[in-house]
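Notes to accompany the following structure.
In full-length UniProt numbering, the protein residues as written are 1 to 502.
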């Protein structure tokens, strides 16, 4: 992934936006045609075209990866480029951002896209239940400078603001028909909705005369089939029912590779697996208990046995191997049963029963993760139970990660963040977060983010033992450009737009 200098981003936003017009990387021989069939996990019976509800791979791919567009997007190369925005520029203090919008873009119902659509769509996320509220609430004022120009006034400086607008929740809808658009799936994307059964299936057809013609959108139609069980996805791929699947169970990798017509992709990203401990309530408000659990997890064993080597050791913060300001330290909280017992005793305990709740997590490695943790925790007097009756519960979770530190921390650890699962609130951390957003000097910014990583590792409510590669599988006739996106599975959720049949 390209690591972008944030000061340079302020100066060259216009050039970065124009990159979208370059389309497909030079030398790629894309071909138009065919129906792409996808076996996708992360589907829910409550799925809808309201992007505020999107939380699994199925709707990430169908939403911002096909039916809708966002203002900006992170290209497969890792560069920030314009999507519905053609260019942008910032004030010297990064508090005022002006975006020039693409003209001649149509929604699927024929309405022409303009600045009012941007402002109305972003206002949706001011509601408390939106996962993107932490992003949009930082905007103190939006104003249309014309039909295709929007100015954002931020409450505080943020040098990464254009990156945040690429969030998959921030899809753009027609301002004059928002409710219908969210009900029927009316966007500006390359594909329009032909049929949709929540939690089961989506059928999409290619839009004619799209502004991305000749650059992306090679399939005539796409069928997304919900397959939440990893074994179901593998079986569907092996028997030719689908052309590609996400989240390959690595225990079945050898079965897939036995077929000469199938391929496995193993993409390093910032996806991490772990557990959330509610730091705002008993008993985990006691940092000693949080430390006891952090020292009872054998991180290398999780990489080796849970991820079967397809990952890296984590250090109890979400900043991953592709982030610009990843700290060389802190050293991960080492597996040390004696140290874990020490912290248990400081918390007034000699032993502990813990239940891991993985009911909302669909990652194929989660069962193995629970088994490894249960085995290794016994040495410290911590019993991991599979059923009811535990003293307390920790929530298993999987995060895809984000391309910038501010984006990741805002979503996961900011005060009031929709996905701050541990509800960890630390005033020092919040002050560092605000300072880092406003800092344009690279060295100072790095120091601030590294301080935040260390603080979260020592005090936070997240136990993040490992970063997991994105392991997907597909038929060999599927091709792509020279880079594959690593924000989410399947080319950052944009496989539908970027890939083609050879």
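Glycine is no exception: its CB is placed at the ideal position from the N, C-alpha and C atoms.
With a threshold of 7 Å on Cβ separation, who are the neighbours of residue i within its own chain once the five nearest residues in sequence on each side are excluded?
i: residue 303; result: 309, 311, 312, 313 and 466
i: residue 478; result: 243, 244, 499 and 501
i: residue 54; result: 60, 63, 168 and 169
i: residue 505; result: Nothing about residue 505 can be read from this structure; the chain reaches only from 1 to 502.
i: residue 450; result: 325 and 327
Would a C-beta distance cut-off of 9 Å place residue i and residue j closer than the cut-off?
i: residue 273; j: residue 363; result: yes
i: residue 269; j: residue 486; result: yes
i: residue 71; j: residue 78; result: no
i: residue 461; j: residue 422; result: yes
i: residue 307; j: residue 250; result: yes
i: residue 265; j: residue 472; result: yes
i: residue 294; j: residue 333; result: yes
i: residue 394; j: residue 276; result: yes
i: residue 156; j: residue 138; result: yes
i: residue 287; j: residue 377; result: no
i: residue 76; j: residue 480; result: yes
i: residue 320; j: residue 351; result: no
With respect to the beta strand (DSSP E) encompassing residue i, which residues constitute its N-terminal and C-terminal limits?
i: residue 188; result: Note, residue 188: premise wrong, no beta strand (DSSP E); not H, not E.
i: residue 201; result: 201–206
i: residue 497; result: Premise fails: residue 497 lies in the alpha helix (DSSP H), 495–498, not in any beta strand (DSSP E).
i: residue 72; result: 72–74
i: residue 135; result: Segment 133–136 is the alpha helix (DSSP H) holding residue 135; no beta strand (DSSP E) there.
i: residue 462; result: 462–468
i: residue 366; result: From DSSP, residue 366 is part of no beta strand (DSSP E) but of the alpha helix (DSSP H) over 366–377.
i: residue 352; result: 352–357
i: residue 324; result: Unbroken run through residue 324: none, as it is neither H nor E.
i: residue 312; result: 311–313
i: residue 287; result: Premise fails: residue 287 lies in the alpha helix (DSSP H), 287–294, not in any beta strand (DSSP E).
i: residue 275; result: 272–276
How many whole angstroms separate the CB atoms of residue i and residue j, which I take to be in contact at a CB cut-off of 8 Å?
i: residue 147; j: residue 115; result: 6 Å
i: residue 39; j: residue 201; result: That belief does not hold up - the Cβ atoms of residue 39 and residue 201 are roughly 11 Å apart, past 8 Å.
i: residue 60; j: residue 493; result: 4 Å
i: residue 105; j: residue 188; result: 5 Å
i: residue 282; j: residue 347; result: At roughly 11 Å, the Cβ-Cβ gap does not stay under 8 Å, so residue 282 and residue 347 are not in contact.
i: residue 198; j: residue 45; result: 6 Å
i: residue 194; j: residue 117; result: That pair is no contact at about 23 Å.
i: residue 399; j: residue 318; result: 6 Å
i: residue 267; j: residue 36; result: That pair is no contact at about 19 Å.
i: residue 144; j: residue 119; result: 7 Å
i: residue 463; j: residue 357; result: Not quite, the Cβ-Cβ distance comes to about 13 Å (not below 8 Å), so this is no contact.
Using the three-state DSSP reduction, which class does residue i fall into: helix, strand or coil?
i: residue 419; result: coil
i: residue 383; result: strand
i: residue 90; result: strand
i: residue 407; result: helix
i: residue 261; result: coil
i: residue 305; result: helix
i: residue 60; result: helix
i: residue 163; result: helix
i: residue 23; result: Reliability fails at residue 23, whose pLDDT of 43 lies under 50, so the model's placement of it is uncertain and no value is given.
i: residue 35; result: strand
i: residue 77; result: coil
i: residue 239; result: coil
i: residue 397; result: strand
i: residue 195; result: strand
i: residue 46; result: coil
i: residue 402; result: coil
i: residue 146; result: strand
i: residue 100; result: strand
i: residue 249; result: coil
i: residue 105; result: coil
Using a Cβ-Cβ cut-off of 8 Å (strictly less than) and excluding sequence neighbours within five positions of residue i, which residues of its own chain qualify?
i: residue 439; result: 159, 445 and 448
i: residue 136; result: 122, 123, 125, 126, 130 and 170
i: residue 177; result: 109, 111 and 186
i: residue 31; result: 218, 500, 501 and 502
i: residue 255; result: 234 and 238
If you drop the 5 nearest sequence neighbours on each side, which residues of the same chain put their C-beta closer than 6 Å to that of residue i?
i: residue 111; result: 174
i: residue 26; result: With a pLDDT of only 42 at residue 26, under the threshold of 50, the placement of this residue in the model should not be trusted; the figure read from the coordinates follows. For residue 26, where only same-chain residues beyond five positions count, there are no Cβ hits under 6 Å.
i: residue 22; result: Low confidence applies here, because residue 22 scores a pLDDT of 35, under 50, leaving its location unreliable; read the following figure in that light. Nothing listed; no residue qualifies.
i: residue 424; result: 279, 460 and 461
i: residue 210; result: 190
i: residue 336; result: 295
i: residue 102; result: 84 and 86
i: residue 151; result: 98, 143 and 145
i: residue 339; result: 295
i: residue 343; result: 288, 291 and 292
Check for me: the alpha helix (DSSP H) holding residue i runs from which residue to which?
i: residue 454; result: 442–459
i: residue 118; result: 115–123
i: residue 224; result: No alpha helix (DSSP H) holds residue 224; the beta strand (DSSP E) holding it covers 221–226.
i: residue 491; result: 489–492
Using a Cβ-based criterion (distance less than 8 Å to any ligand heavy atom), does residue i qualify as near the ligand PLP?
i: residue 115; result: This structure does not include the ligand PLP; it has no bound ligands of any sort.
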